[in-house]
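**Student:** Numbering (full-length UniProt numbering), first residue to last: 1 to 606.
Where is the CB? At the ideal position from N, CA and C, for every residue including glycine.
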């Protein structure tokens, strides 16, 4: 087996080698990355910088747009070349003058008034290939294309990446004809990750519009791949000398439609589902003025609505099967990488930041584990009374109250990231005061009250299957009508309300009977407070763990009325000094139509 001066299959060192390996070493490999400011560039740069490669980053953007690349390498290992001119041949020669590895990540999703697809996908690779030939010391060239790039592709963007013809070819064909076995070509499927243009684009559209427009109903087939798997595959290819001169198709393990990805995004960010299918002809007609605006003016339209994008969304096929239909290609598995699914776990963890209820509104990283108790969260925006509320929200709120959400908001989901109505009625704390029994004015003795507010529990009550399966946060407020005259005079615990038993009554409703209680009221209250503190701070103590383990054991109820009734009955049966109890049970983050943020109920039982 051949040995090389570094971890990569590079024989010629352009720098003095030193160190034992790692970020602070000098591997002797110098790589120039064109397109370093893009999504994929940072991950490939990180995989090379961590073994001591020197990196050259030519760019034409603001320094702040590439500042995240500087700390990837040690001092002196990262070289920035600002004000790079893609139309200047001398700029390419200067960028690769000391490099033995060249990586081309330059590409475009839409045409602008400065650069068209032909210049980006044909002329720039030709200039890079010319500079590499003149250099003579470059050992590896990595060129990135699209998995759907074919001479007969549905869009100009994909055709310019692959079509043969002209002076030796275009895109992939040009690179292969000019550089031969020196070049490794990667035909990459849609890449997902924290900074991607797949899930992020869908999430932004979902949050911005009442309905998500999907061309042809989202029939586009694609095989998305996680960005870290792509970076690992690229790194592995540079470790194998036999990878030079070959073409790899990098795709994930799942074939999905755009409609399925939209459904996954809706589910993950917890937004009401509302999709608007758009016929291709109508989408093409609407995209023409936007395309003209992007190519004739400096104002760029959303690439999702360009003419090229409409054709790809309606008739494109970004799958491995389509890419290998004409010619056999090596895959990501041939580079020793087992691609992960992008529909669960860490690859879509970043989508949780789009949740209007906060990052901790559920989990996607541990999909097979039991639901964990919700964290001790701050009150919602409505509870705190903050934010500004527009006339539209006020109007819709009153309409919802008068006619009900099913009538007004049947097909109009609320964008819950927008401010909601600062009205207590609109928070859906619906009053359902029980009838019968004695009224408050008829109760004997003074009207003293004990308030137990802000009790947070994680339960599985609810009508929807998702509520019962995943669980959600419940907020409990209890108000007790009693007479505290004796306790106020004697300062004796036996003359007061036993708060610990009340807590225990609420715990039982939510299935939290795993906690151990002492018969002594003072000891019971101390143990209970310690357990609550452990839950709040996520301490792995035995008391908190037993309490959490009991969360999923409680019998679920469909209606909040039933939950509130159980709590009221448990308190009244255990407290002879209580003349009446008001119980408020709220689900702060329920997903219902309309402008309400939460759903709750308040009952009074004498």
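Once the 5 residues before and after residue 182 are set aside, which same chain residues still bring their CB inside 6 angstroms of it?
**Tutor:** Once the five neighbours on either side are set aside, the close Cβ partners of residue 182 are 141.
**Student:** With the cut-off set at 7 angstroms, would you say residue 585 and residue 564 are in Cβ contact?
**Tutor:** Yes; because the gap between Cβ atoms is below 7 angstroms, this pair is in contact.
**Student:** Kindly indicate the opening and closing residues of the beta strand (DSSP E) around residue 155.
**Tutor:** First-last for residue 155: undefined, no H or E at that position.
**Student:** In angstroms with no decimal places, state the Cα-to-Cα distance between residue 77 and residue 56.
**Tutor:** If I take the Cα positions, the gap works out to 8 angstroms.
**Student:** State yes or no: is the C-beta of residue 348 within less than 7 angstroms of the C-beta of residue 268?
**Tutor:** Yes.
**Student:** Report yes if the CB atom of residue 250 is closer than 7 angstroms to the CB atom of residue 185, and no otherwise.
**Tutor:** Not in contact: residue 250 and residue 185 (Cβ atoms no closer than 7 angstroms).
**Student:** Based on the DSSP secondary-structure assignment, which residues constitute the bridge partners of residue 248?
**Tutor:** In the DSSP output, where bridge partners are listed per residue, residue 248 has 186 and 330.
**Student:** Using the Cα positions of residue 10 and residue 110, report the straight-line distance between them to the nearest angstrom.
**Tutor:** Near 36 angstroms, if we compare the C-alpha coordinates of residue 110 and residue 10.
**Student:** By the three-class DSSP mapping on this structure, what secondary structure does residue 145 have?
**Tutor:** It is a strand residue.
**Student:** Between 103, 569, 465 and 19, which lies nearest to residue 231 when the distance is taken from Cα to Cα?
**Tutor:** Checked all of 103, 569, 465 and 19; the closest Cα to residue 231 is 103.
**Student:** Measuring only the C-alpha atoms, how far is residue 85 from residue 91?
**Tutor:** Their backbone Cα atoms lie some 6 angstroms apart in a straight line.
**Student:** Just confirm the distance between the C-beta atoms of residue 148 and residue 263, as a whole number of angstroms; I'd bet it's less than 8 angstroms.
**Tutor:** 22 angstroms between Cβ atoms; not a contact.
**Student:** What does the Cβ neighbour count give for residue 129, buried or exposed, with the cut at 16 atoms within 10 Å?
**Tutor:** It is buried - the Cβ of residue 129 has at least 16 other Cβ atoms within 10 Å.
**Student:** How many Å lie between residue 255 and residue 327 at the Cα?
**Tutor:** The alpha-carbon atoms of residue 255 and residue 327 are separated by roughly 20 angstroms.
**Student:** With DSSP collapsed to three states, give me the class of residue 115.
**Tutor:** In this structure, residue 115 counts as coil in the three-state DSSP scheme.
**Student:** Tell me whether residue 71 is buried or exposed, calling it buried when 16 or more other Cβ atoms sit within 10 Å of its Cβ.
**Tutor:** Exposed, because fewer than 16 other Cβ atoms sit within 10 Å of the Cβ of residue 71.
**Student:** For residue 461 and residue 558, what's the separation of their Cα atoms in angstroms?
**Tutor:** For residue 461 and residue 558, the distance between alpha carbons rounds to 6 angstroms.
**Student:** How long is the line joining the alpha carbons of residue 68 and residue 24, rounded to whole angstroms?
**Tutor:** Approximately 18 angstroms between the Cα atoms of the pair.
**Student:** What is the DSSP secondary structure of residue 545, counted as helix, strand or coil?
**Tutor:** Low local confidence applies: a pLDDT of 32 at residue 545 is under 50, so the model's placement there is unreliable, with the coordinate-based value given in what follows. Of the three classes helix, strand and coil, the one that applies to residue 545 here is helix, per DSSP.
**Student:** Run the CB neighbour count on residue 463, radius 10 Å, all protein chains shown included, and call it buried at 16 or more, exposed below.
**Tutor:** So residue 463 counts as exposed.
**Student:** Would residue 143 be called buried (16 or more neighbouring beta carbons within 10 Å of its own) or exposed?
**Tutor:** When all chains shown are included, residue 143 counts as buried.
**Student:** For the alpha helix (DSSP H) holding residue 39, just list the boundary residues, first then last.
**Tutor:** Start and end: 39-49.
**Student:** Does residue 462 come out as helix, strand or coil in the three-state DSSP assignment?
**Tutor:** Three-state DSSP puts residue 462 in coil, outside helix and strand.
**Student:** Please report the straight-line C-alpha distance between residue 287 and residue 568, rounded to a whole angstrom.
**Tutor:** So the alpha carbons of these two residues sit roughly 59 angstroms apart.
**Student:** By the DSSP assignment, the beta strand (DSSP E) with residue 214 in it spans what residues?
**Tutor:** 212-215 is the span of the beta strand (DSSP E), which, as asked, contains residue 214.
**Student:** Please report the residue range of the beta strand (DSSP E) in which residue 80 lies.
**Tutor:** Where residue 80 is concerned, the enclosing beta strand (DSSP E) stretches over 78-81.
**Student:** How would you call residue 146, buried or exposed, if buried means at least 16 neighbouring beta carbons within 10 angstroms?
**Tutor:** With 16 or more other Cβ atoms within 10 Å, it is buried.
**Student:** Taking the CB atoms as reference points, tell me whether residue 157 and residue 308 lie closer together than 7 angstroms.
**Tutor:** For residue 157 and residue 308, yes; Cβs fall inside 7 angstroms.
**Student:** Buried or exposed, going by whether 16 or more other CB atoms sit within 10 Å of the CB of residue 297?
**Tutor:** Classification of residue 297: exposed, given that the 10 Å Cβ count is below 16.
**Student:** Do residue 574 and residue 501 have their beta-carbon atoms positioned less than 7 angstroms apart in this structure?
**Tutor:** Yes, these two residues count as a Cβ contact at 7 angstroms.
**Student:** Return the CA-CA distance between residue 122 and residue 295, expressed in angstroms with no decimal places.
**Tutor:** In a straight line, the C-alpha of residue 122 is about 18 angstroms away from that of residue 295.
**Student:** What does the alpha-carbon distance come out to for the pair residue 38 and residue 600?
**Tutor:** Spanning the two alpha carbons is a distance of roughly 46 angstroms.
**Student:** Compare the C-alpha of residue 29 against each of 137, 204 and 323 and name the closest.
**Tutor:** Checked all of 137, 204 and 323; the closest Cα to residue 29 is 137.
**Student:** Taking the alpha-carbon positions, what's the residue 194 to residue 135 distance?
**Tutor:** Going by the C-alpha atoms only, they are around 36 angstroms apart.
**Student:** Hey, which unbroken runs of the beta strand (DSSP E) at 3 residues or more fall wholly within the segment 236-302?
**Tutor:** Runs of the beta strand (DSSP E) inside the segment 236-302: 247-250 and 275-278.
**Student:** Would you report the Cα separation of residue 32 and residue 80, rounded to the nearest angstrom?
**Tutor:** If you take the alpha carbons of residue 32 and residue 80, they lie about 10 angstroms apart.
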